[in-house]
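At position 134 of the sequence shown the residue is numbered 134 (UniProt numbering), and the sequence of numbers has no breaks. Backbone N, C-alpha and C define an ideal beta-carbon position, used for all residues, glycine too. Since we're looking at a predicted model, the values are computed, not measured.
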Amino acid sequence: MSGRGKSGGTARTRPRSASSRAGLQFPVGRIHRFLRSGNYTDRVGVGAAVYLAAVLEYLAAEILELAGNAARQYKKTRINPQYLQLAVRNDEELNKLLSGVIIAQGGVLPYIHAALLPKKTSGAAAGAFKSGKKASEQQSQEY
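Pasting the structure below:
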């Protein structure tokens, strides 16, 4: 005929999820269901669920990448809440976004006030340490 309608073959394709069609890992169908049941509005488009899933997946990937870098810095292979806290609070934009969020078991950021740090030495003693010898091993100025 003219090529319209069903094809002659009986091969049936497997149904693909909305997440796989959008190329996402986060569940688009579940997010769409939550948007519909959340009484936000009467009608929710499918594109809204795809967009929200993509944004959530991007934020999760960003936080996990920074937390993985923090864990690797401390020579650990497992991300725990402390590394999530470090990742979020050390990033300016994520810290602003999650400023009102308390991460359970996250701890506090390590910080030592400058006044509490040991003072840098100056003068003859500093010169003695720069040369690699102790002050007692160096010759005096008087011969």
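Assigned secondary structure, residue i (DSSP; H/G/I helix, E/B strand, else coil)
i, result
"Y111", "coil"
"S19", "helix"
"F34", "helix"
"A53", "helix"
"V44", "coil"
"V88", "helix"
"N39", "coil"
"R72", "helix"
"V28", "helix"
"K96", "helix"
Residue i versus residue j - alpha carbon distance
i, j, result
"G100", "L35", "23 Å"
"D91", "P15", "41 Å"
"P110", "A61", "24 Å"
"V44", "S17", "18 Å"
"K120", "V108", "27 Å"
"D42", "T77", "46 Å"
"P81", "G106", "5 Å"
Counted within 10 angstroms of its Cβ, other Cβ atoms place residue i as buried (16 or more) or exposed
i, result
"Q73", "exposed"
"V88", "buried"
"Y40", "exposed"
"Y83", "buried"
"L59", "exposed"
Nonlocal neighbours in the same chain, by C-beta distance under 8 Å from residue i, ignoring five residues either side
i, result
"A53", "S19, A22, L24, F26, P27, V28 and I31"
Presumed contact (8 Å Cβ cut-off) between residue i and residue j, rounded CB distance
i, j, result
"A70", "L86", "5 Å"
Cutoff 7 Å; reference residue i; Cβ partners in own chain excluding five residues on either side
i, result
"L117", "none"
"G68", "I79"
"A49", "V28, I31, H32 and L35"
Residues near residue i by beta carbon distance below 6 Å, same chain, minus five either side
i, result
"L94", "V88"
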